[in-house]
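Student: Just so you know, the protein sequences line up as chains Z and L, in that order.
Under my numbering, think of the first position of the first sequence as 1, with each following residue one higher.
Under my numbering, think of the first position of the second sequence as 1001, with each following residue one higher.
Just so it is clear, CB atoms sit at the ideal spot from N, CA and C, and this is done for glycine as well.
Computed from a predicted model, the values in this text were never measured in an experiment.
Got a structure for you, written out below as structure tokens; questions coming shortly.
Number of protein chains: 2
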Amino acid sequence: MSHIFKGLSAFPITPCNAGGALDTDCLQDLIRRLRGAEVDSIGLLGSTGTYAYLDRDTRHQATKAAAAVKGATPLIVGVGAIRTDQAVTLARDAAAAGADGLLLAPVSYTPLTEDEAYAHFIAVAEATDLPLCIYNNPSTTHFTFSHRLLHRLAVHPQIAAVKMPLPAQVTPAEDLARLRDLLPQDFVIGYSGDWGCGETLLAGADAFFTALGGTLPQTFVNLARMAMAGDKDATAALEARLAPLMQLCKDNGSLRLAYALTDRLGLGEAVLPRPLLPMNDDAMTRLDRWLAETSDLAC
Amino acid sequence: MSHIFKGLSAFPITPCNAGGALDTDCLQDLIRRLRGAEVDSIGLLGSTGTYAYLDRDTRHQATKAAAAVKGATPLIVGVGAIRTDQAVTLARDAAAAGADGLLLAPVSYTPLTEDEAYAHFIAVAEATDLPLCIYNNPSTTHFTFSHRLLHRLAVHPQIAAVKMPLPAQVTPAEDLARLRDLLPQDFVIGYSGDWGCGETLLAGADAFFTALGGTLPQTFVNLARMAMAGDKDATAALEARLAPLMQLCKDNGSLRLAYALTDRLGLGEAVLPRPLLPMNDDAMTRLDRWLAETSDLAC
């Protein structure tokens, strides 16, 4: 059941107005756009989908709306919450609304111990019969998974995949080799951090979880296909053209950039949840320049 | 109006059952205990009060219950939330329920820019006519206030105080001197991190915000009075007797220790919000030993 996490998983924004009300039509258009580009899975309500800012009802509505138009594309739904009872409820909601898999980050306020994170993940994994992907994203959760904890979780029959951050100290190939050695044979190992898409897939990662690919799905599908086929030259050539966009992503965060792209491509009128603010004018000018010079990639 | 933040502010837990339902009677007993010890203010719904884990209704109930029994002791209420609109609503709720001041932490998921944090604080400060204390707690919020941002906020007429973490690179006296130089003259500068209570107050801090003092108010009032009077020897002698407790606090977090103390002192049957778990058996044994040897401080 781990296959649903393999390949390119694209994370759309969850378009809402300033008050936080979901724009269902816009979300369904974004889902159809992902399906049309033939992404391997849809990562609804990830960090890019602002799950942490949305209440239970909005998350349930978004999942139902996406499930209604996703077609055969697997729908992975983020169910992270600060309380275990809330995350369990969200997992059951997602299953009832048509999710094919779950994504769980160790959302925290008081820093979690390893045993606390373990019990939290097991409780959510066992709340439904869907496969679960560990969302390892220290830049937002500030929780660091030890190799020991990853192994403890990965041997659970319903925990099928991990979404890793780009390694800071070693190459993706080295990081992947260590994880392959540690984790069960059919466990899906994927990465996120859009500027590492080519490198991690060339290194043999099973999956890549893309934030910007939620808005530019065709470009990221093309990039992923080149890298998964081992075509280093084509991957490098495409990444060179994406470099200004990747720099904007590093400078502003993929979330703010995804909203700016949504606006500039006319995909909807989504408003970031305050306190988050749009990219500043300088960043928008840089984005507009890239879009003008590279319009064939804005898809 | 900044005087309400001065002196020793004690932060009680918010006693709830496993499902998250408030135990109003227990909370009111804890508030009466703080009042009886003559703390200078009550810090309701701080990190020790698990505000980040409680919904709006529970936070409103807790504030009303505390306000009903607080007497003349100023009631400071934490109104942190991940969305600005939620924090504004919580601030209005707190004012309506009888709070005397507000405490606001920059709760985040997507890391905040300085401008985002600034706009968030101003929106909440202007939502009521209560004075507001900046809750600068990088260990839970992972947001770091620059001196520039602290200054921008401190000049706002309703932002009256800051709760600082213990400085890591300089002494409390050096940190305090820098902040005094930076911030308006009547701005209240306080610290938290219980093992720094004596040192920061001896250095001349205006306030100390204590987590364990929410459960051991008389001991922390005694400590604070000694330090505020400049009595280094008495402060050092009391801190030496508290050292095993402070080490447990560093090792387990003040929140888990406050729940363990609540249990051992028979103050209530409060359950930590999962995923948070009680201290382990080894830590409980250490706590029991300290309580047996130092029973006169367990008050």
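So which residues on chain L does Thr58(Z) lean against when the C-beta distance must stay under 9 Å?
Tutor: Indexing the first sequence from 1 puts residue 58(Z) at position 58. Those within 9 Å of Thr58(Z) in chain L number zero; the least Cβ separation is about 12 Å.
Student: Give the straight-line distance between the Cα atoms of Thr1219(L) and Arg1286(L), rounded to the nearest whole angstrom.
Tutor: As a first step, residue 1219(L) is located in the second sequence; it is residue number 219 there, counting from the start. As a first step, residue 1286(L) is located in the second sequence; it is residue number 286 there, counting from the start. Answer to the nearest angstrom: the Cα atoms are 19 Å apart.
Student: Quick one: Cα of Ala224(Z) to Cα of Ala96(Z), how far?
Tutor: Position 224 of the first sequence, counting from 1, holds the residue named residue 224(Z). Position 96 of the first sequence, counting from 1, holds the residue named residue 96(Z). Their backbone Cα atoms lie some 31 Å apart in a straight line.
Student: Got a sec, what are the start and stop residues for the alpha helix (DSSP H) Phe220(Z) sits in?
Tutor: If you number the first sequence from 1, residue 220(Z) lands on position 220. Start and end: 217-228.
Student: Any idea what DSSP makes of Pro165(Z), helix, strand or coil?
Tutor: On the first sequence, residue 165(Z) is found 165 positions in, with the first residue counted as 1. Pro165(Z): strand per DSSP, three-state reduction.
Student: With 8 Å as the threshold, decide whether the Cβ of Gly1214(L) is near any Cβ in chain Z.
Tutor: Taking the first residue of the second sequence as 1, we reach residue 1214(L) at position 214. So no, Gly1214(L) is outside the interface.
Student: Compute the beta-carbon to beta-carbon distance between Leu150(Z) and Leu183(Z), rounded to the nearest angstrom, for a pair I have assumed lies under 8 Å.
Tutor: Residue numbering aside, residue 150(Z) sits at position 150 when the first sequence is read from its first letter. Residue numbering aside, residue 183(Z) sits at position 183 when the first sequence is read from its first letter. Leu150(Z) to Leu183(Z), Cβ: 7 Å. Contact.
Student: Spatial neighbours of Glu1302(L) within its chain, please: C-beta separation below 8 Å, excluding the five flanking residues on both sides.
Tutor: Here chain L comprises residues numbered 1001 to 1299, so residue 1302(L) is not present and cannot be evaluated.
Student: Under DSSP, the alpha helix (DSSP H) around Tyr135(Z) begins and ends at which residues?
Tutor: As a position in the first sequence, residue 135(Z) is number 135, starting the count at 1. Element bounds for Tyr135(Z): not the alpha helix (DSSP H) but the beta strand (DSSP E), 132-135.
Student: Within the continuous alpha helix (DSSP H) that includes Val1088(L), where are the two ends?
Tutor: The residue you call residue 1088(L) lines up with position 88 of the second sequence. Counting along the chain, the alpha helix (DSSP H) containing Val1088(L) begins and ends at 1084-1097.
Student: Between Tyr1259(L) and chain Z, is any beta-carbon pair separated by less than 8 Å?
Tutor: Translated into the one-based positions of the second sequence, residue 1259(L) becomes position 259. No, Tyr1259(L) lies away from the interface with chain Z (no Cβ there is under 8 Å from its Cβ).
Student: What do you reckon, are the CB atoms on Ala1125(L) and Gln1086(L) nearer than 8 Å?
Tutor: By one-based count along the second sequence, residue 1125(L) stands at place 125. By one-based count along the second sequence, residue 1086(L) stands at place 86. Contact: no.
Student: Applying the 10 Å Cβ sphere with the 16-neighbour rule, what's the burial state of Ala1243(L)?
Tutor: In the second sequence, counting from the first residue as 1, residue 1243(L) sits at position 243. Burial call: exposed.
Student: For the stretch 1026-1074 of chain L, which segments carrying the alpha helix (DSSP H) assignment without a break, of at least 4 residues, lie completely within its bounds, in sequence order?
Tutor: With a minimum length of 4 residues, the continuous alpha helix (DSSP H) runs that stay inside the stretch 1026-1074 of chain L are 1056-1069.
Student: Check the Cβ of Arg1274(L) against every Cβ in chain Z and list those closer than 9 Å, keeping chain order.
Tutor: For the purposes of this step, residue 1274(L) is taken as residue 274 along the second sequence, with counting starting at 1. Result: Arg83, Thr84, Asp85, Glu116, Ala119, His120, Ala123.
Student: To be precise: take each residue of the stretch 243-258 of chain Z, compare its Cβ to all Cβ atoms of chain L, and keep it if any distance is under 7 Å. Which residues remain?
Tutor: Flagged, chain order: Gly253, Leu255.
Student: What did DSSP end up calling Gly1268(L) once you bin it into helix, strand or coil?
Tutor: Counting from one through the second sequence, the residue named residue 1268(L) turns up at place 268. Gly1268(L): coil per DSSP, three-state reduction.
Student: Which residue's Cα is closest to the Cα of Val307(Z): Gly98(Z), Ala68(Z), Gly71(Z)?
Tutor: One cannot answer for residue 307(Z) here, as it falls past the ends of chain Z, which runs 1 to 299.
Student: In or out: Asp206(Z) buried (at least 16 other Cβ within 10 Å) or exposed?
Tutor: Numbered from its first residue, the first sequence carries residue 206(Z) at position 206. Per the 10 Å Cβ criterion, buried.
Student: Measuring only the C-alpha atoms, how far is Lys6(Z) from Met1279(L)?
Tutor: For the purposes of this step, residue 6(Z) is taken as residue 6 along the first sequence, with counting starting at 1. For the purposes of this step, residue 1279(L) is taken as residue 279 along the second sequence, with counting starting at 1. Using only the alpha carbons, I get a separation of about 39 Å.
Student: Check each residue of the stretch 179-197 of chain Z: if its Cβ is closer than 9 Å to any Cβ of chain L, include it; give the result in chain order.
Tutor: Within the stretch 179-197 of chain Z, no residue has a Cβ that lies closer than 9 Å to any Cβ of chain L.
Student: With a CB to CB cut of under 6 Å and the five nearest residues on each side skipped, what residues in its chain are close to Phe1187(L)?
Tutor: Against the second sequence, residue 1187(L) aligns to sequence position 187. So the qualifying residues of the chain are Ala1154.
Student: According to the Cβ coordinates, are Asp1115(L) and Leu277(Z) closer than 8 Å?
Tutor: Reading the second sequence from its first residue, position 115 is the one you call residue 1115(L). Reading the first sequence from its first residue, position 277 is the one you call residue 277(Z). A contact, by the Cβ cut-off of 8 Å.
Student: In the DSSP assignment, the beta strand (DSSP E) including Phe1208(L) goes from what residue to what residue?
Tutor: Walking along the second sequence from the start, residue 1208(L) turns up at place 208. Here the beta strand (DSSP E) through Phe1208(L) covers 1207-1210.
Student: Kindly indicate which three-state DSSP category Ser139(Z) falls into: helix, strand or coil?
Tutor: Taking the first sequence and counting its residues from 1, the one referred to as residue 139(Z) is at position 139. If DSSP states are grouped into helix, strand and coil, Ser139(Z) belongs with the helices.
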